[in-house]
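J.:
Below is the structure:
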């Protein structure tokens with residue numbers, strides 16, 4: 002009987018330690034809860050989720066440095082937003098461009114940033130235009146093209 006109680010106590014202690022570790026891991030990564038909630042919403046919404054929801058998930062993945070997941074979510078968002086709200090579509094392109102800059106994939110980032118800039122200029126989104134020029138300056142700086150970085154930063 003005592004052996005069974007010791008075994009039970011050992012099992013309960015092990016479970017308690019595992020729960021504490023899981024709780025600590027979730028507390029050390031504040032994005033984990035947000036990502037889980039957004040993923041739950043994506044998987045439990047009827048039909049295809051809205052492109053803006055995929056964009057939110059992509060941004061969360063990017064913030065958590067889950068670049069492969071972010072890229073997939075950005076592709077989904079862009080495909081859903083392409084024929085809808087041009088401002089949100091431009092934001093998705095711009096964000097995906099920043100993902101590629103973070104990864105050092107400058108040749109993949111530039112066309113996205115340029116397209117986002119064109120759309121933002123067309124819809125007269127002055128804040129978005131400024132943000133995109135800033136991202137283009139960062140991209141140029143990452144390429145060690147200081148003249149282009151300075152030119153984009155001045156605009």
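Numbering (the working numbering), first residue to last: 2 to 156. Using N, Cα and C, we set each Cβ at its ideal position, and we do this for glycine too.
Starting from residue 70, follow the alpha helix (DSSP H) in both directions and report where the run begins and ends.
T.: Start and end: 68–82.
J.: Can you tell me the Cα-Cα spacing of residue 71 and residue 61, whole angstroms?
T.: Cα-Cα distance, rounded: 8 Å.
J.: Keeping to the same chain, check which residues put their C-beta closer than 6 Å to that of residue 97; ignore five residues upstream and five downstream.
T.: Closer than 6 Å at Cβ, skipping near neighbours: 75 and 113.
J.: Given a cut-off of 8 Å, decide if residue 81 and residue 126 are closer than it, judged by their beta-carbon atoms.
T.: Against a cut-off of 8 Å, the Cβ pair of residue 81 and residue 126 comes out as no contact.
J.: Rounded to whole angstroms, what's the CA-CA distance from residue 156 to residue 141? Just pull it up for me.
T.: So the two alpha carbons sit approximately 14 Å from each other.
J.: Could you check what DSSP says for residue 126 in three-state terms: helix, strand or coil?
T.: Residue 126 falls in the coil class under three-state DSSP.
J.: Taking the alpha-carbon of residue 88 as reference, which of 154, 138, 147 and 56 has the nearest alpha-carbon?
T.: Answer by Cα proximity: 56.
J.: Report the rounded CA-to-CA distance for residue 59 versus residue 111, giving the unit in angstroms.
T.: Using only the alpha carbons, I get a separation of about 19 Å.
J.: Residues in its own chain within less than 7 Å of residue 83 by CB, not counting five upstream and five downstream?
T.: Within the same chain, residue 83 has close Cβ partners 90.
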